[in-house]
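Numbering (this note's numbering), first residue to last: 14 to 158.
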C-alpha cells in the first residue's frame, strides 16, 4: 500500500467528502497505514484546509531559494573553472554558472576537496608522489637532528 503523504491526503479528502469527521478519518487512515500514518494533527489540519476550499493534495510551493541539484555536471563544471583559473573566486563561479554562492562553496570544499591557499584553490589531499616526497624530506630531517 502506498504510504506517501500525497496518497494519505487523497484518502482523507475522499473520506471528508463523504462527510466523515476528522477523528473517524484519522482512525481509518491509522488502520490502513499503521506506522507510516500521518500525524493526527496533520490530518485535522488537512480537513480544515479541505473545508476552506483547498483541493490540491500535493505540497504547495514554499518561499525561499529553490534547491539546486548538485549533480555530476555541475560538479565537473565547477572543477573545470577552477582548473582553468585557480585564482577564481566563489562569486565569479556563482555568477558564471548561475547557482547560489553557498552551493558553489559546498561543491568546492566538500565535493571537490579544494582549499584556498594564498588566494589559489589547491587540493586538500596529497597525491602519492607528494606523500612520498614529503616522507623523504621528513626522514632526511630526522637524521640531521
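Just so you know, even glycine gets a beta-carbon here, dropped at the ideal spot from N, CA and C.
Assuming the contact rule is C-beta atoms closer than 8 Å, residue i and residue j should be a hit. Round their C-beta distance to whole Å, please.
i, j, result
"residue 19", "residue 71", "6 Å"
"residue 126", "residue 137", "5 Å"
Which residues in the same chain as residue i place their Cβ atom closer than 8 Å to its Cβ, once the five residues preceding and following it in sequence are excluded?
i, result
"residue 148", "none"
"residue 118", "103"
"residue 43", "50"
Report buried or exposed for residue i, applying the criterion of at least 16 other Cβ atoms within 10 angstroms of its Cβ.
i, result
"residue 153", "exposed"
"residue 60", "buried"
"residue 23", "exposed"
"residue 116", "buried"
"residue 29", "buried"
"residue 27", "exposed"
"residue 120", "buried"
"residue 35", "buried"
"residue 139", "exposed"
"residue 21", "buried"
"residue 150", "exposed"
In the structure shown, what three-state DSSP assignment does residue i receive?
i, result
"residue 137", "coil"
"residue 86", "helix"
"residue 66", "coil"
"residue 14", "Here residue 14 scores only 45 on pLDDT, less than 50, and its place in the model should not be relied on; the value that follows carries that caveat. Looking at residue 14 - three-state DSSP - the assignment turns out to be coil, as it is neither helix nor strand."
Which same chain residues, not among the five before or five after residue i, have their C-beta less than 7 Å away from its C-beta?
i, result
"residue 41", "28"
Any alpha helix (DSSP H) of 4 or more consecutive residues that is wholly inside the region 23 to 62: 35 to 46
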